[in-house]
Amino acid sequence: MEKMALKKLTHSDLTFFKCYFSNQKEKPSKQKALNLNSDVFVDELYPELRKTTANTKLPVSLYIYGPGLKDAHVLQRKIVKSKGSKNWRLNGELIYSQETDPQRYDSLQPGDIALIGLDGDTIPSVVCIDFVAASLEVDKKLHHEFSSILTSGMQKIESDQLKEIVTRLDLPAPHPVYRFLLDEDLIAAVEGDAEAVLRVYKHSGNVMSSEELATSRQKAAYIGSMGEELVSQYFQQLINQGKLLDSEWVSRENAVAPYDFKITAADSAVSLLDVKSTSNKFETIFHISRAELITMANELEDYALYRVYDLTEYDAKLRIVSDMRQFAKELLEKLALLPDGISVDSISCSPGLFDFSDPIELHTEGDE
9 MEKMALKKLT HSDLTFFKCY FSNQKEKPSK QKALNLNSDV FVDELYPELR
59 KTTANTKLPV SLYIYGPGLK DAHVLQRKIV KSKGSKNWRL NGELIYSQET
109 DPQRYDSLQP GDIALIGLDG DTIPSVVCID FVAASLEVDK KLHHEFSSIL
159 TSGMQKIESD QLKEIVTRLD LPAPHPVYRF LLDEDLIAAV EGDAEAVLRV
209 YKHSGNVMSS EELATSRQKA AYIGSMGEEL VSQYFQQLIN QGKLLDSEWV
259 SRENAVAPYD FKITAADSAV SLLDVKSTSN KFETIFHISR AELITMANEL
309 EDYALYRVYD LTEYDAKLRI VSDMRQFAKE LLEKLALLPD GISVDSISCS
359 PGLFDFSDPI ELHTEGDE
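The sequence shown runs 9 to 376 under the numbering used here.
Next up, the structure:
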């Protein structure tokens, strides 16, 4: 998930559920909503919401997981900022247990924990919540870990922190907490990585929405565009230093071009190159299309591969394979041995197969 937070559930929060709301005894609450503390939800996750007025309503798709190993319960709800309230609330109708699982939410009690994931750049559009119940054996270890790091009613949690906890606890594969760590694999899956597809399938339960896949495609496109933008700025620096004569960002004008840039070196030598970008570590698998392989194998011009990794909004690292022609020729010869009627449209590659240059630091213009 893009943005995540932990929340310790209160008596008022649990009135979100019909079973809890109807069974209140002392000090009954009429809230029927889950509080989203403004110091986290707005100040840390969605600062653009500071500009909104009272009575703002944000429609969201809500995916509820847990408690325990329970799979997605999909609903449409709203996030609301009511007049006179300092906090936002995940609001709407009371949540009933499904007919097929009428006691699903009965185990939830104050002090249990909600792992909240939100997708959407400036405003949330998708909310995923895994309810972690201390009373359930399958949730106990995770509840203990979350409780040990929660220092307030609600706080932000980073993906790396969550991944470390989940890996260390060695939770069973069906546990819904894994859904909150699928961003990298979802992006790889929509790019055609077969192993990533299987990992997503293993941890996604019975529900994988078209919204999640569409969001992953958008993220993949954004990462690719950001990487190319940083490389374009890098080339402009080289032109200013007299190390390059010219660079042409081909794929910006023609999205189906089998390379991203055409550059002219100081000695007038022309070469093509493709940029493979990731926000993850250098070792992350990348993909080469058959069209790119065929173009690489062309003997007329060098074809380089630019690997952009550790990509953020402000910087990244770059390593280069200066000429991919021999690799492409040898691989195409092997692919030609496949039976008639069978072809491979793309391949997945480990960076360890190639002789990359030392890292080059890239920075967005004005960030140095």
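Even for Gly, the Cβ is constructed at its ideal location relative to N, Cα and C.
Bear in mind that the values here come from a model prediction, so they are computed numbers and not experimental data.
Any C-beta of chain D under 8 Å from that of residue i
{"i": "Val278", "result": "Protein chains in the displayed structure number just one, and chain D is not present."}
Classification of residue i by the beta-carbon crowding that lies within 10 angstroms, buried from 16 upward
{"i": "Arg58", "result": "exposed"}
{"i": "Pro110", "result": "exposed"}
{"i": "His183", "result": "buried"}
{"i": "Leu313", "result": "buried"}
{"i": "Asn262", "result": "exposed"}
{"i": "Glu300", "result": "buried"}
{"i": "Pro55", "result": "exposed"}
{"i": "Thr108", "result": "exposed"}
{"i": "Gly125", "result": "buried"}
{"i": "Phe352", "result": "In the sequence as presented, Phe is not what sits at residue 352; that position holds Val. Burial call: exposed."}
{"i": "Lys89", "result": "buried"}
{"i": "Pro36", "result": "exposed"}
{"i": "Thr303", "result": "buried"}
{"i": "Met9", "result": "buried"}
{"i": "Ser30", "result": "exposed"}
{"i": "Ser358", "result": "exposed"}
{"i": "Leu308", "result": "exposed"}
Residue span of the beta strand (DSSP E) that contains residue i, given as start and end
{"i": "Met12", "result": "11 to 16"}
{"i": "Phe269", "result": "269 to 273"}
{"i": "Ala312", "result": "310 to 317"}
{"i": "Thr64", "result": "64 to 73"}
{"i": "Val135", "result": "134 to 140"}
{"i": "Asn99", "result": "96 to 99"}
{"i": "His371", "result": "368 to 371"}
Proximity of residue i and residue j at Cβ, strictly below 8 Å
{"i": "Val140", "j": "Leu98", "result": "no"}
{"i": "Ser285", "j": "Gly235", "result": "yes"}
{"i": "Leu116", "j": "Leu22", "result": "yes"}
{"i": "Asp138", "j": "Leu123", "result": "yes"}
{"i": "Asn45", "j": "Ser20", "result": "no"}
{"i": "Val82", "j": "Tyr71", "result": "yes"}
{"i": "Ile3", "j": "Ser240", "result": "In the structure as shown, the chain begins at 9 and stops at 376. Residue 3 is therefore absent and cannot be evaluated."}
{"i": "Leu14", "j": "Ile165", "result": "yes"}
{"i": "Val48", "j": "Gln169", "result": "no"}
{"i": "Arg112", "j": "Lys148", "result": "no"}
{"i": "Ala142", "j": "Gly119", "result": "yes"}
{"i": "Leu370", "j": "Asp323", "result": "yes"}
{"i": "Ala62", "j": "Lys94", "result": "no"}
Spatial distance of residue i from residue j (CA atoms)
{"i": "Ser167", "j": "Asp348", "result": "45 Å"}
{"i": "Glu376", "j": "Ile131", "result": "Note that Glu376 scores a pLDDT of 47, beneath 50, so its modelled location is shaky and nothing firm can be said."}
{"i": "Ile87", "j": "Val264", "result": "40 Å"}
{"i": "Ser133", "j": "Lys11", "result": "12 Å"}
{"i": "Glu341", "j": "Tyr311", "result": "18 Å"}
{"i": "Phe335", "j": "Ala274", "result": "26 Å"}
{"i": "Thr372", "j": "Leu319", "result": "11 Å"}
{"i": "Gly128", "j": "Ala277", "result": "44 Å"}
{"i": "Ser155", "j": "Val146", "result": "15 Å"}
{"i": "Ala41", "j": "Pro367", "result": "50 Å"}
{"i": "Ala202", "j": "Tyr317", "result": "21 Å"}
{"i": "Leu17", "j": "Lys26", "result": "15 Å"}
{"i": "Thr175", "j": "Val185", "result": "11 Å"}
{"i": "Ala222", "j": "Ser105", "result": "28 Å"}
{"i": "Ile350", "j": "Phe362", "result": "27 Å"}
{"i": "Arg327", "j": "Arg315", "result": "5 Å"}
{"i": "Ile121", "j": "His151", "result": "7 Å"}
{"i": "Leu189", "j": "Asn248", "result": "42 Å"}
{"i": "Tyr28", "j": "Gln39", "result": "12 Å"}
{"i": "Val229", "j": "Tyr267", "result": "Checking the displayed sequence, the identity of residue 229 turns out to be Ala instead of Val. Spanning the two alpha carbons is a distance of roughly 15 Å."}
{"i": "Asp331", "j": "Ser287", "result": "24 Å"}
{"i": "Glu153", "j": "Arg187", "result": "18 Å"}
Run of the alpha helix (DSSP H) containing residue i, from where it starts to where it stops
{"i": "Asp168", "result": "167 to 177"}
{"i": "Ala336", "result": "333 to 343"}
{"i": "Lys149", "result": "145 to 157"}
{"i": "Phe29", "result": "26 to 30"}
{"i": "Ile302", "result": "298 to 304"}
{"i": "Ser259", "result": "258 to 261"}
Residue of the options minimising C-alpha distance to residue i
{"i": "Asp254", "options": "Glu261, Asn262, Phe269", "result": "Phe269"}
{"i": "Ser365", "options": "Ala344, Lys325, Lys337", "result": "Lys325"}
{"i": "Lys289", "options": "Gly360, Asp114, Gln32", "result": "Gly360"}
{"i": "Leu280", "options": "Ile293, Arg333, Ile231, Asn63", "result": "Arg333"}
{"i": "Ala181", "options": "Val352, Gly76, Lys15, Thr303", "result": "Gly76"}
{"i": "Ile195", "options": "Ile231, Glu256, Lys171", "result": "Ile231"}
{"i": "Glu199", "options": "Leu102, Ser259, Arg225", "result": "Arg225"}
{"i": "Lys337", "options": "Asp331, Val329, Gly250, Ala305", "result": "Ala305"}
{"i": "Lys227", "options": "Glu291, Glu321, Asp178", "result": "Glu321"}
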